[in-house]
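Numbering (the numbering used here), first residue to last: 114 to 567.
Even for Gly, the Cβ is constructed at its ideal location relative to N, Cα and C.
Note that this is a predicted model, so its numbers are computed, not measured.
Take a look at the structure below.
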Ligand SMILES: [Zn+2]
Ligand SMILES: [Zn+2]
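Structure representation (structure tokens):
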């Protein structure tokens with residue numbers, strides 16, 4: 114029989130330290146274990162995810178016309194065991210997985226492509242030409258990587274269903290139409306998505322970014338993407354014969370003067386310490402050389418961070434256009450009209466959510482693969498509108514690297530990859546897999562069992 118012998122001071126010290134380390138070791142082992150599980154699930158479905166990404170890329174669809182993409186995603190969700198609602202806001206797909214008490218987290222991917230003719234030389238390049246909603250024939254390309262977002266949504270769905278005994282809460286998966294029109298989220302809200310899902314406490318999305326290397330992610334708290342308005346301005350004049358402009362009121366000339374005067378709104382009226390963009394993306398008028406048309410339509414895009422800048426630009430546009438019309442004696446009934454087609458506020462990444470997401474993704478990808486995103490972009494997003502204008506949900510947009518592995522070195526040498534929306538835009542297919550892993554890590558961190566929110 115052995116007699117109990119009290120440990121000496123040094124032994125006691127070691128035991129105390131070991132005991133202190135124990136919870137940390139358990140937590141790390143659990144995190145490592147779940148990270149390995151995520152990696153294994155994504156690796157197992159990698160061939161399918163990459164093949165689906167290429168299929169989406171080769172078969173792009175315009176906003177509100179994403180029928181095949183939505184059907185593919187919905188079928189995948191159903192196969193995994195999710196309840197699925199389709200046709201929300203046009204082509205949107207919504208799944209809700211109620212998995213016990215805990216936070217309600219909405220994860221969104223967008224599905225739409227752009228009217229751009231692809232110039233990238235890959236076997237799965239798009240050659241698609243379609244009629245848009247206005248009946249205009251356009252080429253189509255996934256020039257913003259929403260094909261990748263749709264594919265990693267499918268990967269995230271698989272991870273979360275397979276590991277559902279490791280988290281608790283409610284997961285809402287959304288495949289959203291028409292992000293490029295900045296009206297898809299609004300359409301889903303107008304179509305009562307909020308009746309289908311509980312109110313989210315978290316709104317999460319990822320966007321590929323070719324300026325970060327594949328395998329990495331980047332994020333920063335605070336303002337990340339600008340507020341944006343899409344607005345049509347119609348100038349009405351008086352049509353006539355091309356030989357007799359004095360008998361007409363020429364909307365082409367009025368529109369041209371308005372376009373040039375708009376340039377001084379940002380340069381002269383806006384506080385120069387605050388970012389602002391005013392782009393006229395389309396000027397449509399007339400059909401023939403010798404006919405003065407009745408009207409001209411200007412399609413404007415405004416970007417801002419400060420609401421006062423937005424209001425200043427809107428006031429400036431109206432003042433300029435109305436004054437141009439008055440200068441040409443346009444009748445009171447024919448004064449210019451202004452139609453705001455979409456209006457979304459800036460994206461603001463919540464600080465606490467950004468920090469915990471960064472820590473979770475470091476565990477998943479490695480410390481050196483989670484980068485600090487730089488200055489905010491003047492690009493815009495609408496996913497943060499999915500919970501309605503009055504939502505107080507914490508918002509996070511994660512940038513997922515889709516550039517070549519040496520892109521940072523290349524950019525230092527002055528070689529920049531093609532910007533999204535460019536016909537040469539290219540996304541490394543493996544970004545789909547890293548996106549699925551990283552974004553799953555964020556969701557599992559928020560809803561993982563043992564989290565303070567549980
Ligand atoms: Zn995009
Ligand atoms: Zn885009």
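- Residue selection by CB proximity (closer than 7 Å to any heavy atom of ligand 1) returns 223, 257, 258, 259, 292, 293, 320, 533 in chain order.
- Of the candidates 209, 386, 264, 472, the residue whose Cα lies closest to the Cα of residue 170 is 264.
- At a Cβ-Cβ threshold of 8 Å, residue 322 and residue 485 do not count as neighbours.
- Beta-bridge annotation (DSSP): residue 289 is paired with 223.
- Inside the region 393-452, DSSP marks whole alpha helix (DSSP H) runs of 4 or more residues at positions 420-440, from first to last along the chain.
- DSSP places residue 343 in the uninterrupted beta strand (DSSP E) bounded by 340-349.
- Just so you know, the alpha carbons of residue 203 and residue 317 end up roughly 22 Å apart.
- In the displayed model, residue 497 falls within a helix according to three-state DSSP.
- If the five residues before and after residue 309 are omitted, its C-beta is found closer than 6 Å to the C-beta atoms of 198, 207, all from its own chain and listed in chain order.
- For residue 298, the enclosing alpha helix (DSSP H) has its first and last residue at 297-303.
- DSSP places residue 532 in the coil class of the three-state scheme, outside both helix and strand.
- Apart from sequence neighbours up to five positions away, the residues of its chain that approach residue 538 with a beta-carbon distance below 6 Å are 256, 531, ordered along the chain.
- As DSSP reads the structure, residue 336 sits in a beta bridge with 461.
- Here DSSP, grouped into helix, strand and coil, assigns residue 244 to strand.
- For the 8 Å CB-CB criterion, residue 493 and residue 296 do not form a contact.
- With contacts defined as CB atoms closer than 8 Å, residue 227 and residue 254 qualify as a contacting pair.
- As the crow flies, the alpha-carbon of residue 515 is around 36 Å from that of residue 375.
- Of the other Cβ atoms in all chains shown, fewer than 16 fall within 10 Å of the Cβ of residue 373; this residue is therefore exposed.
- In the DSSP assignment, residue 362 falls outside any beta strand (DSSP E) and carries neither an H nor an E.
- Between the region 224-239 and the region 282-294 there are three or more C-beta pairs closer than 8 Å, enough to call the two in contact.
- In the displayed model, residue 456 falls within a strand according to three-state DSSP.
- Per DSSP, the unbroken beta strand (DSSP E) holding residue 211 starts and ends at 205-212.
- Residue environment analysis places residue 329 among the buried positions, since at least 16 neighbouring C-beta atoms fall within 10 angstroms of its C-beta.
- Taking C-beta atoms under 8 Å as the contact rule, residue 368 and residue 398 qualify, at a distance of about 6 Å.
- Bounds of any alpha helix (DSSP H) do not take in residue 280, whose DSSP letter is neither H nor E.
- For residue 447, the closest C-alpha among the options 347, 262, 270 is that of 347.
- When 467, 540, 524 are compared, the shortest CA-CA separation from residue 334 is found for 467.
- Straight through space, the alpha carbons of residue 523 and residue 271 are spaced by roughly 35 Å.
- Relative to the Cα of residue 433, the nearest Cα in the group 395, 381, 387 belongs to 381.
- In terms of CA proximity to residue 187, 287 leads the group 262, 499, 287.
- Taking C-beta separations shorter than 6 Å and ignoring five residues to either side along the sequence, the partners of residue 545 in its chain run 162, 166, 261, 264, 265, following chain order.
- Around residue 390, the same chain offers 416, 491 as residues with beta carbons nearer than 6 Å, after the five sequence neighbours per side are excluded.
- The region 493-509 makes no contact with the region 349-362; the number of CB pairs closer than 8 Å stays below 3.
- When 499, 551, 462, 412 are compared, the shortest CA-CA separation from residue 472 is found for 551.
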